[in-house]
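> Let me give you the structure first, and then I'll get to my questions.
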Amino acid sequence: MNRNEVNAEVLSLEKRRNLKRNTLPALTMAGPVTFWMMVFVLLPLVYVIVISFMKRDAFGGIEYDFTVANYLEILQPVYLKVIWKSMKLAFLTTAICILIGYPLAYYIARKPSKVAAKLLMLVMIPFWTNTLVRLYSINLIGQPNGFLSNFLMNIGIIAKPLDILYSDGIVVVGLLISMLPFAILPLYASIEKLDKAYLEASSDLGAKPAVTFCRITIPLTFPGIVASIILVFIPSLGMYYVPEALGGGKVMLIGSLIRNQFLVTKNWPFGASLSILLVLITLVMLWLYTRIARLDDMEVF
Amino acid sequence: MDGHAEYIVSLVDVDKFFGSNHVIRKFNLNVRQGEFLTLLGPSGCGKTTILRMIAGFEDSTSGMIKVQGERVEDKEAFERDVNTVFQSYALFPHMTVFDNIAYGLSVKKVPKSEIRERVKEMLELVQLMGFEGRKPDMMSGGQKQRVAIARALINRPKVLLLDEPLGALDLKLRKQMQIELKRLQKKLNITFVYVTHDQEEAMTMSDRIAVLNGGVLEQLDTPDQVYKFPKTKFVADFIGESNLFDGTLEVISDETARVAGDAGEMMIECCPVEPGEELTVCVRPEVMKYSKTPVDGFTLSGIIKNMIFVGSQYRTLIVMDNGYEVKVNRVKPDKDVKEGDRVFLYWDLDDAVAICDRK
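Quick note, the sequences are listed as chains H and W, same order.
Heads up: the first sequence begins at 155 in the numbering used here, then just goes up one per residue.
Heads up: the second sequence begins at 1123 in the numbering used here, then just goes up one per residue.
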C-alpha cells in the first residue's frame, strides 16, 4: 500500500467510527424530538410566514397572491395603539414580577434547602390549578357587586361600588398571577447559586448591606433577572386569555387581536403578520439576552 | 481591663454554639501588635470560626472580642477595621483585577485619583503590574491569591485575617507564597492572624502559634517552644512526631526523677510535678535512643519491627511489649541491629519533656 491508500484507509476507518460512535447515537437520541419540532413547529411557522404575505379572499380564506399589505396595516394607529398598550402592560407586569419576585426568591434562597423546597412548592401550587378557574375567580371578586367591592363599602373605605373589572389594572393583576412563578424560579436559581463568600468579602471591605446588594448581589444575579424578564415579558405580550377573562372586550391586547383575526373576522393573513411581529419581538429580546449574557461571561440556566 | 494596649485583638472567655454544638469553649487569646499569629489545628477544631468571629461574619455566643481595645461584638463586619483573605479568594467575578482591589476604597468614596494611585501601589506590592484589566477567571490560583491579598490590604487594616489562604495552591507555589506573605507582613508591619491546618506552614511563618483542639486553646507559644515543650499530649502528637509514655512520678532527687509506666521505668529531668502524680513523657523520634543492653534507670524495651529509608532519614519502628510503636529517626542507618532484635530504649534526660495535662 502506498501512502495515499493508507491515508484513504485511515480516513474511511475514521468515517465508520464516527458514524458508529457519534452519528447513530445522536440520531436515536435527538432524532424523535428533531422530527417532532420540524413537523409541528417549523412547518407551521413557515406556513404562518407564508400566509402573512398572502391576501384574504372574500370568504375569509387565503388567496395565494404575494403582498406586504398585512404588515403595512399593522402601522395603522388603531393597531399601533394595541401593540403599544400590550407592550406597556407586559412591561408593567414584568417590572412588578421582578420587584416582588426578587425579594421572595432571595428570602427562599437563603433558607436551608429543605425549607426552600417546601416554599418553592407553595409558589408552584397555584400554578398547577387551572388558569381559567383562577382568572374567573378574580373576575368574580372584582365584580362591582362582588365580594371585594361589598366588603370595602361595608367597612366604609369606598362609597361607590368598585369599578375595577375590565380595566388595565385588573388585567395586570391577572397577568401577574399567571406569570409570577416564571419570574421567581430563575431568580431563585441564580440567587441560590450566589456564593455567600462574595457578600462576606464585600462587607469585610467596608460596604454597607445596601452597597453590597447593588454592587455585588444584583450584578452577580443579573443573568437570572434577565431570564425572568424574558420568561415573563414574552408570554405576557402575547397572552390572550387573561385580557379575555378580565378585560372583557374593553382591554384589547395584541393576543386578543390575533385571536380575533383568526376566529372572528377571519383575516388569517393579517393575524399571521401580527404573529410574526410577536415572534420578531421575541427574537430581538433573545438576541439582547445573549448579548448581555455574553458580556458578563456568565450562564444562567 | 483596657490596660493591654499592646494587644491588638483580644478574645476573652469566648464561647460559640452552633445549635447545640459547642464549638468554641472559654476561649482566651491575645494578639500582639505587629505579630504573625497562627491558629493551628485539625479540621473542625474551631480555628476558622474564631477568625470569622473576629471578622464579624459569625456572632460569639458569649464572651468579649476586642480590636484595638474596643469591643466589637455588636459591630457588623463592614464596621470593623480588619480585613480578610478568604480561602476561596472570593474575588468578585464580574469585576476586573483593578476594580476588585479598588473595591474597599470605592465603597468608602475615596477620590478616583487616590484610588488609582493606591491600587497601583498594591499591584506593585504583590507584583501584578499589568494585570489591572484581567477578570479573575483568566488568572491562575497564585495570581488570584495575590489579588485577594492586595484587595484586603488596600484598606490598610490594623489586622489582616487569613483563612487557609494557600490551601488551594500546589506545594511549590505554596512554599513561595509562604515566604512572600512573611515578607509582606514584615514590610507593612501589619498584624496577621493566620489559620491553617498545615503545621509546617505554621512553623515557617509564625511568630506565635495557637494550637487548637476541639474548640479549646491547647497551647500558645513561639514555634520552637511549641515544638520543644508541648504542654499537652495533643500538641505533642499534633506538632511533629512524638513518642509518648504514660507513667507516675516516683522518686524525685535534686536533678532527676524516675517515672514508672505500664511499659517500664524511665528517667527524666526534674520537673515541677509532685511525686505520685501522673504524667506523660514525650520524646521526639530524632532524639530517641536504643541499645542492645539495658541502660541505667530505663526498663523500656521492644522488638525492631522494621527499618526503612524515608528519603531524608532512616526510620526505625520498635514495637514495645504493650503494642505501642516507638519511632526512631536517624540520619545514618544503624548497622549494629537488624529487624527482630530486642533493644532497650533510653534518651538523654534533657531530651524528654514531661507533660502533665491529665485532668
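All residues carry an ideal CB built from backbone N, CA and C; glycine is no exception.
Could you compute how far the alpha carbon of W:Asn-1365 sits from the alpha carbon of W:Ile-1477?
Walking along the second sequence from the start, residue 1365 of chain W turns up at place 243. Walking along the second sequence from the start, residue 1477 of chain W turns up at place 355. Cα to Cα, the separation comes out at about 12 Å.
> Taking the straight line between their C-alpha atoms, what separation do you get for W:Val-1450 and W:Ala-1474?
The sequence position of residue 1450 of chain W within the second sequence is 328, counting from 1. The sequence position of residue 1474 of chain W within the second sequence is 352, counting from 1. Looking at the two C-alpha atoms, the distance is approximately 14 Å.
> With 9 Å as the limit, tell me which residues of the region 356-371 of chain H have their beta carbon closer than that to any beta carbon of chain W; keep them in chain order.
Within the region 356-371 of chain H, the residues whose Cβ lies closer than 9 Å to some Cβ of chain W are Ser-356, Ser-357, Asp-358, Leu-359, Gly-360, Ala-361, Lys-362, Pro-363, Val-365, Thr-366, Arg-369 and Ile-370, listed in chain order.
> Could you compute how far the alpha carbon of H:Leu-234 sits from the alpha carbon of H:Lys-242?
For the purposes of this step, residue 234 of chain H is identified with residue 80 of the first sequence, where counting begins at 1. For the purposes of this step, residue 242 of chain H is identified with residue 88 of the first sequence, where counting begins at 1. Roughly 12 Å between the two C-alpha positions.
> How long is the line joining the alpha carbons of H:Asn-158 and H:Tyr-225, rounded to whole angstroms?
To locate residue 158 of chain H, count along the first sequence from 1; it is residue 4. To locate residue 225 of chain H, count along the first sequence from 1; it is residue 71. Distance between the alpha carbons of H:Asn-158 and H:Tyr-225: 59 Å.
> Tell me, please, whether the CB atom of H:Tyr-352 is closer than 8 Å to any CB atom in chain W?
Position 198 of the first sequence holds residue 352 of chain H. Yes, H:Tyr-352 counts as interfacial toward chain W.
> Since W:Tyr-1316 sits in a beta bridge, which residues does DSSP pair it with?
Translated into positions along the second sequence, residue 1316 of chain W becomes position 194. Paired residue(s): W:Thr-1160 and W:Leu-1284.
> Comparing the C-beta of W:Ala-1212 with each C-beta of chain H, is any distance below 8 Å?
Position 90 of the second sequence holds residue 1212 of chain W. Chain H, which has a Cβ nearer than 8 Å to the Cβ of W:Ala-1212, makes this yes.
> With 8 Å as the threshold, decide whether the Cβ of W:Glu-1198 is near any Cβ in chain H.
What you label residue 1198 of chain W is simply residue 76 of the second sequence in a count that begins at 1. By this cut-off, W:Glu-1198 is an interface position.
> Taking its Cβ as the centre, do 16 or more other Cβ atoms sit within 10 Å of H:Tyr-261, making it buried, or is it exposed?
Indexing the first sequence from 1 puts residue 261 of chain H at position 107. Label assigned to H:Tyr-261: exposed.
> Any beta carbon from chain W within less than 8 Å of H:Pro-373's own beta carbon?
Residue 373 of chain H sits at position 219 when you count from the first residue of the first sequence. H:Pro-373 counts as touching chain W.
> With DSSP as the reference, label H:Thr-371 as helix, strand or coil.
Mapped onto the first sequence, residue 371 of chain H falls at position 217. Here H:Thr-371 sits in helix by DSSP.
> Using a Cβ-Cβ cut-off of 8 Å (strictly less than) and excluding sequence neighbours within five positions of H:Leu-470, which residues of its own chain qualify?
Lying before the first or after the last residue shown, residue 470 of chain H is absent from chain H, which here runs from 155 to 455.
> Does H:Ser-357 pass the burial test, meaning 16 or more other C-beta atoms within 10 Å, or should it be called exposed?
The sequence position of residue 357 of chain H within the first sequence is 203, counting from 1. Under this definition H:Ser-357 is a buried residue.
> Would you report the Cα separation of W:Gly-1263 and W:Leu-1291, rounded to the nearest angstrom?
Your numbering for residue 1263 of chain W matches position 141 in the second sequence. Your numbering for residue 1291 of chain W matches position 169 in the second sequence. Taking the straight line from one Cα to the other gives about 6 Å.
> Considering just the uninterrupted stretch of the alpha helix (DSSP H) at W:Asn-1205, what are its terminal residues?
Taking the first residue of the second sequence as 1, we reach residue 1205 of chain W at position 83. Unbroken run through W:Asn-1205 is the beta strand (DSSP E), 1204-1207; no alpha helix (DSSP H).
> State the beta-bridge partners of W:Val-1475 as determined by DSSP.
For the purposes of this step, residue 1475 of chain W is taken as the residue at position 353 of the second sequence. In DSSP, W:Val-1475 forms a bridge with W:Cys-1404.
> Taking the C-alpha atoms as reference points, what is the distance between H:Asn-176 and H:Leu-167?
Taking the first residue of the first sequence as 1, we reach residue 176 of chain H at position 22. Taking the first residue of the first sequence as 1, we reach residue 167 of chain H at position 13. When rounded, the distance between both Cα atoms is 14 Å.
> Using a C-beta cutoff of 8 Å, does W:His-1216 count as contacting chain H?
On the second sequence, residue 1216 of chain W is found 94 positions in, with the first residue counted as 1. Judged by the 8 Å Cβ criterion, W:His-1216 is in contact with chain H.
> Roughly how far, in whole angstroms, is the beta-carbon of W:Val-1405 from the beta-carbon of W:Trp-1469, given that I think they are within contact range, below 8 Å?
As a working mapping, residue 1405 of chain W is identified with position 283 in the second sequence. As a working mapping, residue 1469 of chain W is identified with position 347 in the second sequence. Confirmed, about 5 Å.
> For a cutoff of 8 Å on Cβ pairs, would you count H:Asp-144 as touching chain W?
As displayed, chain H neither begins before 155 nor continues past 455, which places residue 144 of chain H out of reach and without an answer.
> Checking 8 Å against the spacing of the C-beta atoms, do H:Gly-255 and H:Ala-351 come in under that value?
Taking the first sequence and counting its residues from 1, one reaches residue 255 of chain H at position 101. Taking the first sequence and counting its residues from 1, one reaches residue 351 of chain H at position 197. Not a contact, by the Cβ cut-off of 8 Å.
> Would the region 278-293 of chain H and the region 367-381 of chain H be scored as touching if the rule is three or more Cβ pairs under 8 Å?
Contact between the region 278-293 of chain H and the region 367-381 of chain H is absent, because fewer than three Cβ pairs lie under 8 Å.
> May I have the straight-line CA-CA distance separating H:Ile-430 from H:Val-277, to the nearest angstrom?
For this step, residue 430 of chain H is matched to residue 276 along the first sequence. For this step, residue 277 of chain H is matched to residue 123 along the first sequence. Those two C-alpha atoms are separated by around 33 Å.
> Please identify, using Cβ separations under 8 Å, the residues of the region 1259-1284 of chain W that lie next to chain H, in order along the chain.
Cβ contacts with chain H: Asp-1259, Arg-1273, Ala-1274 and Asn-1277.
> Which of helix, strand or coil does DSSP assign to W:Ala-1332?
Locating residue 1332 of chain W in the second sequence gives position 210, where the first residue counts as 1. In this structure, W:Ala-1332 counts as strand in the three-state DSSP scheme.
> Name the DSSP bridge partner or partners of W:Ile-1374?
Stepping through the second sequence from its first residue, residue 1374 of chain W is reached at position 252. Paired residue(s): W:Ala-1379.
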